[in-house]
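Chemist: Please see the structure below; I have some questions.
In the working numbering, the protein residues as written are 1 to 118.
Pasting the structure below:
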C-alpha cells in the first residue's frame, strides 16, 4: 500500500502563486508515476500534471506555462508550483500515484482545497 499526503493549499488572490506538495510513504518502490488531478465545482476530476520516476513530465494545456510539476525521488515527494493563478483554478487538488499509468491511478491523496479570489 501507498499513502499520499498533500499540503500547501489555501486562499490566494488572482495572479498569485501556491506550491502544493505530496509526500508518498509505504510501498513506494512500486511507484512509477505521480501527479495531480483537480476537481472544480460541478465538474469531473481532471488530470493537471504528471511526472515519472525517470523525469518525464506532462501537463494539461489549461495550465501550461503557469503550473510546473517536479518530483524529488529521494524524498518521495511531488510538487506542483502554481503561478499566475486564475479564479477558474479554484478546485480541490488531489495527488495521485500508480505503478504504470497516471490515467488510472491506484492511489489517491485526501485532497487539498485551492481557492483563487478575483
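The beta carbon of each residue, even a glycine, is placed where N, CA and C say it ideally should be. In this text, all values refer to a predicted model and were calculated from it rather than measured experimentally.
How big is the Cα-Cα spacing for residue 42 and residue 91?
Modeler: Here residue 42 refers to the residue found at position 42 of the chain shown. Here residue 91 refers to the residue found at position 91 of the chain shown. Rounded to the nearest whole angstrom, the CA to CA distance from residue 42 to residue 91 is 10 Å.
Chemist: DSSP three-state call for residue 31: helix, strand or coil?
Modeler: As a position in the chain shown, residue 31 is number 31, starting the count at 1. Coil.
Chemist: With DSSP as the reference, label residue 61 as helix, strand or coil.
Modeler: One-based indexing of the chain shown puts residue 61 at position 61. Residue 61 falls in the coil class under three-state DSSP.
Chemist: Taking all protein chains shown into account, decide if residue 89 is buried (16 or more other Cβ within 10 angstroms of its Cβ) or exposed.
Modeler: In the chain shown, residue 89 corresponds to position 89, counting from 1. With at least 16 other beta carbons inside 10 angstroms of its own, residue 89 counts as buried.
Chemist: Quick one: Cα of residue 27 to Cα of residue 97, how far?
Modeler: Along the chain shown, one-based indexing puts residue 27 at 27. Along the chain shown, one-based indexing puts residue 97 at 97. Approximately 11 Å, taken between the alpha carbons.
Chemist: Answer with buried or exposed for residue 46, where buried requires no fewer than 16 other C-beta atoms within 10 angstroms of its C-beta.
Modeler: The sequence position of residue 46 within the chain shown is 46, counting from 1. So residue 46 ends up on the exposed side.
Chemist: Which residues in the same chain as residue 60 place their Cβ atom closer than 6 Å to its Cβ, once the five residues preceding and following it in sequence are excluded?
Modeler: Residue numbering aside, residue 60 sits at position 60 when the chain shown is read from its first letter. So the list reads 48, once near-sequence residues are dropped.
Chemist: According to DSSP, what are the bridge partners of residue 70?
Modeler: Sequence index remark: in the chain shown, residue 70 carries index 70 (1-based). Within the DSSP bridge table, the entry for residue 70 names 79 as partners.
Chemist: Less than 8 Å between the CB atoms is what I'm expecting for residue 123 and residue 82, so what's the real figure, rounded?
Modeler: No information on residue 123 is available, as it lies outside the stretch 1 to 118 that the chain covers here.
Chemist: Using only the alpha-carbon positions, how far apart do residue 114 and residue 11 sit?
Modeler: Position 114 of the chain shown, counted from the first residue, corresponds to residue 114. Position 11 of the chain shown, counted from the first residue, corresponds to residue 11. Spanning the two alpha carbons is a distance of roughly 6 Å.
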